[in-house]
Amino acid sequence: MPEERTEQPHIVTCTAPVNIAVIKYWGKRNEDLILPINSSLSVTLHQDQLKTTTTVATSRSFQEDRIWLNGKEEDITHPRLQSCLREIRRLARKRRNDGDSGVDSASLSHKVHICSVNNFPTAAGLASSAAGFACLVYTLARVFGVEGELSGIARQGSGSACRSMYGGFVQWIMGNKEDGKDSLAQQVEPETHWPELRILVLVASAERKPVGSTSGMQTSVKTSCLLKHRAESVVPGRMVEMTEAIRKKDFAAFAELTMKDSNQFHATCLDTYPPIFYLNHVSQQIISLVHRYNKHYGETRVAYTFDAGPNAVIFTLQQHVPEFVHVVQHFFPPETNGADFIKGLPVNCASLSEELKQGIGLEPMPKGINYIISTKVGPGPCVVEDPTQQLLSSDGFPK
Ligand code: DP6
Numbered sequence: 004m005p006e007e008r009t010e011q012p013h014i015v016t017c018t019a020p021v022n023i024a025v026i027k028y029w030g031k032r033n034e035d036l037i038l039p040i041n042s043s044l045s046v047t048l049h050q051d052q053l054k055t056t057t058t059v060a061t062s063r064s065f066q067e068d069r070i071w072l073n074g075k076e077e078d079i080t081h082p083r084l085q086s087c088l089r090e091i092r093r094l095a096r097k098r099r100n101d102g103d104s105g106v107d108s109a110s111l112s113h114k115v116h117i118c119s120v121n122n123f124p125t126a127a128g129l130a131s132s133a134a135g136f137a138c139l140v141y142t143l144a145r146v147f148g149v150e151g152e153l154s155g156i157a158r159q160g161s162g163s164a165c166r167s168m169y170g171g172f173v174q175w176i177m178g179n180k181e182d183g184k185d186s187l188a189q190q191v192e193p194e195t196h197w198p199e200l201r202i203l204v205l206v207a208s209a210e211r212k213p214v215g216s217t218s219g220m221q222t223s224v225k226t227s228c229l230l231k232h233r234a235e236s237v238v239p240g241r242m243v244e245m246t247e248a249i250r251k252k253d254f255a256a257f258a259e260l261t262m263k264d265s266n267q268f269h270a271t272c273l274d275t276y277p278p279i280f281y282l283n284h285v286s287q288q289i290i291s292l293v294h295r296y297n298k299h300y301g302e303t304r305v306a307y308t309f310d311a312g313p314n315a316v317i318f319t320l321q322q323h324v325p326e327f328v329h330v331v332q333h334f335f336p337p338e339t340n341g342a343d344f345i346k347g348l349p350v351n352c353a354s355l356s357e358e359l360k361q362g363i364g365l366e367p368m369p370k371g372i373n374y375i376i377s378t379k380v381g382p383g384p385c386v387v388e389d390p391t392q393q394l395l396s397s398d399g400f401p402k
């Protein structure tokens, strides 16, 4: 290859997915390395509906590392960003010294410009840090010619980000080494494994969450003996059961475990002192609705799970989506018309029987839910080849 004479930056763009835990991560044993007190398991959501896109440029002419998030320049000295940058550069240097990287030492010393956007509103209160850090690490790795296991680096950006490094069904094995080398994510089943599984994100409120996950779990670790019991005595068994339910595509078992684990996570929040409340009256109404719906049919057709905020994530099978969406629409009459209420994968029409409405028997709660995002299980991070999708111009600055 002739020596590169141009000052044009080297630019790479990638996308990464959001994931939703069905066995929750809550609590760290090491704050700096982000090592959890229990393993966790998640479903990767499809990037057609929810994704982060990140462009990274490197150039000899850049003076310093810089980052722009959703159109605004942010502080690159943030410790978790620094951890990811440092670890990728360390890995790249190691690979180069071992002789299995195409990256030359000059470009390793180049500064980076990073630009990142979400295709969903941050105000929706959906976990964006997982997709964000997964995308950052994946893109940086491409820029510096690093391949292979990267979830241990994404983990150092945000714990749940390590699970967004893979598609399908993913476990984060807690590991037990002090240095965290064995605390990694691993795919349990690929995204093609359970094509009938559907996910509905019920956006309940646009408010920001009251207590962030990082500080919330810190207080829980310090004060909740229920959390200690959960991590030591409940989660290990549930990891095995959940993996088995997914492997067998046993929806009832998957759904029941998902709901129980969400409930136990929120119970540990209540057991935290002072207590943390993430569920609001809309979330509680959704919980009742799901249980009454399942009871009406005498089988578990739908499951809910909630993270550190009031939005519900619903799991169901394709055949139940139209009816359940209309149940939600009936019991949470929206402000907007029907078309705006449902985003993402198209949902067929369905009529609701009087018998079902009466069987559920809840008082409708107008405007309780802003909108629904209909999606499915999806693949892990990927490279965007189309140069028109780049977020940085050819000079390496935001477009
Ligand atoms: C409730 O990964 O956001 O969503 O590691 O401090 O960045 P940090 O926390 P974060 O916590 C996510 C907690 C959760 C459950 C889960 O995703 O497993």
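So for the sequence shown, my numbering puts the first residue at 4; every next one is plus one. Where is the CB? At the ideal position from N, CA and C, for every residue including glycine. Please read all numbers here as calculations on a predicted model, not as lab measurements.
Separation of the CB atoms of Ser286 and Gln174 is rounded to 26 Å, and the pair is thereby denied contact status at 8 Å. Contact between the stretch 78 to 96 and the stretch 143 to 153 is established, with three or more Cβ pairs separated by less than 8 Å. Pairing Val146 with Val59, the inter-Cα distance amounts to about 7 Å.
For Glu76, there is no enclosing alpha helix (DSSP H); the residue is part of the beta strand (DSSP E) that begins and ends at 75 to 77.
Per DSSP, Pro401 lies in no alpha helix (DSSP H) segment and is marked neither H nor E. Look at the beta carbons and you see the stretch 305 to 317 not touching the stretch 61 to 71: under three pairs across the two are nearer than 8 Å. By the CB criterion at 8 Å, Val15 and Ala134 fall outside the cutoff. Taking each of Val204, Phe334, Glu192, Ile156 in turn and checking the Cα distance to Asp185, the smallest one comes out for Ile156.
Unbroken alpha helix (DSSP H) runs of no fewer than 4 residues, entirely contained in the stretch 323 to 390, are found at 324 to 334, 341 to 344, 357 to 363, following chain order. As for any alpha helix (DSSP H) of minimum length 4 sitting wholly inside the stretch 186 to 236, the runs are 216 to 226, 228 to 232, ordered along the chain.
Relative to the Cα of Glu199, the nearest Cα in the group Gly171, Ile290, Glu358, Ser396 belongs to Gly171. Taking one beta carbon from each stretch, the stretch 219 to 232 and the stretch 29 to 36 have 3 or more pairs nearer than 8 Å; the two touch.
Beta-bridge pairing by DSSP links Ala315 to Leu205.
The Cβ-Cβ distance between Cys352 and Thr18 does not fall below 8 Å.
For Pro20, DSSP records a beta bridge to Lys54.
Short note on Trp197: C-beta not closer than 7 Å to any heavy atom of the ligand DP6. In the assembly as shown, Gln322 is an exposed residue. Its beta-carbon has fewer than 16 other beta-carbons within 10 Å. Beta-bridge annotation (DSSP): Ser43 is paired with Trp175.
When secondary structure is reduced to three states using DSSP, Lys180 falls in the coil class, being assigned neither helix nor strand. Rounded to whole angstroms, His284 and Val316 show a C-alpha spacing of 16 Å. Scanning its chain for C-beta atoms nearer than 6 Å, with the 5 sequence neighbours on each side dropped, one finds around Val204 the residues Val316, Ile376, in chain order. According to the DSSP assignment, Val149 belongs to no beta strand (DSSP E), since it is labelled neither H nor E. The beta carbon of Glu76 sits closer than 8 Å to those of Arg69, Ile70, all from its chain and outside the five residues before and after it, given in chain order. Within the DSSP secondary-structure output, Trp71 pairs in a beta bridge with Glu76, Cys118. The beta-carbon distance between Cys118 and Pro401, rounded to whole angstroms, is 5 Å. This is short enough to meet the 8 Å contact definition. Residue side-chain check: Thr217 places its Cβ nearer than 7 Å to a non-hydrogen atom of the ligand DP6. Lys27 has its Cβ nearer than 7 Å to a heavy atom of the ligand DP6. DSSP places Ala248 inside the alpha helix (DSSP H), whose first and last residues are 238 to 250. It is roughly 21 Å from the alpha-carbon of Val293 to the alpha-carbon of Leu48. The beta-carbon separation of His269 and Phe309, rounded to 7 Å, stays under the 8 Å limit for a contact. Asn33: member of the beta strand (DSSP E) spanning 31 to 33, first to last residue. Minimum Cα-Cα distance from Val25 among the listed residues Thr378, Pro390, Asn266, Lys370 corresponds to Asn266. Per DSSP, Val140 has no beta bridge partner at all. Residue nearest to Leu143 within the set Ser163, Tyr281, Ser110 is Ser110 (criterion: CA-CA distance).
Judged by their CB atoms, Ala311 and Tyr281 are nearer to each other than the 8 Å cut-off.
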